[in-house]
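Line by line, the protein sequences are chains Y and A.
The first sequence begins at 0 in numbering that gives the first Met the number 0 and counts up one residue at a time.
The second sequence begins at 0 in numbering that gives the first Met the number 0 and counts up one residue at a time.
Single-structure report; data block below.
Protein chains: 2
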Amino acid sequence: MSKQALPVVGPDPVACCPPIAVRPMDADQAAVVAPMFKALGDPVRLRLMSMIASVPEICVCDLTPAFDLSGPTISHHLKVLREAGLVDSERRGTWVWYRVRPDAFRQLGALLEISTRDGGA
Amino acid sequence: MSKQALPVVGPDPVACCPPIAVRPMDADQAAVVAPMFKALGDPVRLRLMSMIASVPEICVCDLTPAFDLSGPTISHHLKVLREAGLVDSERRGTWVWYRVRPDAFRQLGALLEISTRDGGA
DNA sequence: ATGCTGTTTTGAAGTCTGTCAACCTAGAGG
DNA sequence: CCTCTAGGTTGACAGACTTCAAAACAGCAT
């Protein structure tokens, strides 16, 4: 029963996207996935993503002091991560908490899985 | 003995970089890795990377016709992938062949591995 | 040598990105 | 109501990115 109805909230990572080393990616799929990689393509955002992914959730007030950047700049980078679908945010009282979106994260990981095509290349 | 002297051609993917969901990434590491993600953050380059990674090696002459872009533009994108350390190129006679760099590819995959920290978040 | 084909480099135009200052909004607490 | 703090939004600017045309380079074949 539990296998019959998969919890497909978004597209299933693997079913939708075999690793890029297995089959050439078509233009449509690339247009969807590239923005996710792009979001991770900035050192600040990569660190933000890592800080968020390393804990169940984290407050912006704990993210900002880790950088020599203004609040608006951090806010901007968080927005990019949010719009790429990599993280979610939720206001609880005074503070805003960020959380990784595991499905998106898994999808990216699946795309970079090494091909089992051979043992050499 | 075999464990004592690791074949460290480049930095060992896993030893150097635990998944970003395990431990926050420091600024130095982010500065090294972000350009790789950035290189994959363009739809054209993502497709190029996928085409290259799907086969042992591939000629530029087989890459260019897959896009509605000029030769120089494709060449530029290939250069970005090359300088990010994701692919290698080799001229053989008239044509230039591109090949994925498995170590870099593995490193990126390892970074996106899902944390085994828990089953919930 | 001369030409032909495949690939890269150079130069330039237009667009996008990262950053901050200034301002605005949401909630807590008088 | 007002004030204070935490975050986000807007506007602006310097620098980077994508793209192409033109030129340069590399190798094969007359």
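No residue lacks a Cβ here, since even glycine has one placed at the ideal position from N, Cα and C.
Please classify residue i as buried or exposed, where buried requires at least 16 other C-beta atoms within 10 Å of its C-beta.
i: GLY40 of chain Y; result: buried
i: VAL30 of chain A; result: Checking the sequence, you will find Ala at residue 30 of chain A rather than Val. By the neighbour-count rule (16 or more Cβ atoms within 10 Å), ALA30 of chain A is not buried but exposed.
i: ARG90 of chain Y; result: exposed
i: GLY92 of chain A; result: exposed
i: HIS122 of chain A; result: Outside the displayed span of chain A (0 to 120) sits residue 122 of chain A, for which this structure offers no information.
i: LYS37 of chain Y; result: buried
i: CYS16 of chain A; result: buried
i: PRO64 of chain Y; result: exposed
i: VAL33 of chain A; result: Contrary to the premise, residue 33 of chain A reads as Ala rather than Val in this sequence. ALA33 of chain A is buried by the Cβ-count criterion.
i: PRO23 of chain Y; result: buried
i: ALA26 of chain A; result: exposed
i: PRO18 of chain A; result: buried
Going by DSSP in three states, residue i sits in which element: helix, strand or coil?
i: ILE57 of chain A; result: strand
i: ASP102 of chain A; result: helix
i: ARG22 of chain Y; result: coil
i: GLU112 of chain Y; result: coil
i: ASP27 of chain Y; result: helix
i: PRO12 of chain Y; result: Reliability fails at PRO12 of chain Y, whose pLDDT of 46 lies under 50, so the model's placement of it is uncertain and the value that follows must be treated cautiously. Correct three-state label for PRO12 of chain Y: helix.
i: PRO64 of chain Y; result: helix
i: PRO42 of chain Y; result: helix
i: ILE71 of chain Y; result: Here residue 71 of chain Y turns out to be Pro, not Ile, going by the sequence shown. Three-state DSSP puts PRO71 of chain Y in a helix.
i: PRO34 of chain Y; result: helix
i: GLN3 of chain Y; result: Bear in mind that the predicted position of GLN3 of chain Y carries a pLDDT of just 35, short of 50, making it unreliable; the figure below should be weighed with that in mind. The answer is coil: DSSP assigns GLN3 of chain Y none of H, G, I, E or B.
Taking DSSP's pairing of strands, which residues face residue i in a bridge?
i: ASP87 of chain A; result: A:ARG98
- Is the segment 98 to 117 of chain Y touching the segment 73 to 90 of chain Y, taking contact as three or more C-beta pairs under 8 Å? Using a Cβ-Cβ distance cut-off of 8 Å, the segment 98 to 117 of chain Y and the segment 73 to 90 of chain Y are in contact, since at least three pairs of beta carbons, one from each stretch, lie closer than that value.
- Message: Output needed in chain order: residues of the segment 88 to 108 of chain Y with a Cβ under 8 Å from some Cβ in chain A.
- Response: Going along the segment 88 to 108 of chain Y in chain order, one finds ARG98, VAL99, PRO101, PHE104, ARG105, LEU107, GLY108 with a Cβ nearer than 8 Å to chain A.
- So, do the segment 59 to 72 of chain A and the segment 43 to 50 of chain Y have three or more beta carbon pairs nearer to each other than 8 Å? The segment 59 to 72 of chain A, when compared against the segment 43 to 50 of chain Y, does not touch it at the 8 Å Cβ threshold.
- Item | Residues from the segment 40 to 69 of chain Y in contact with chain A, defined by Cβ distance under 7 Å | When CB distances to chain A are screened at a threshold of 7 Å, the residues of the segment 40 to 69 of chain Y falling below it are GLY40, ASP41, PRO42, LEU45, ARG46, MET48, SER49, MET50, ALA52, SER53, PRO55, in chain order.
- Using a Cβ-Cβ cut-off of less than 9 Å, give me the residues of the segment 14 to 26 of chain Y that come near chain A, in sequence order. Going along the segment 14 to 26 of chain Y in chain order, one finds PRO18, ILE19, ALA20, VAL21, ARG22, PRO23, MET24, ASP25, ALA26 with a Cβ nearer than 9 Å to chain A.
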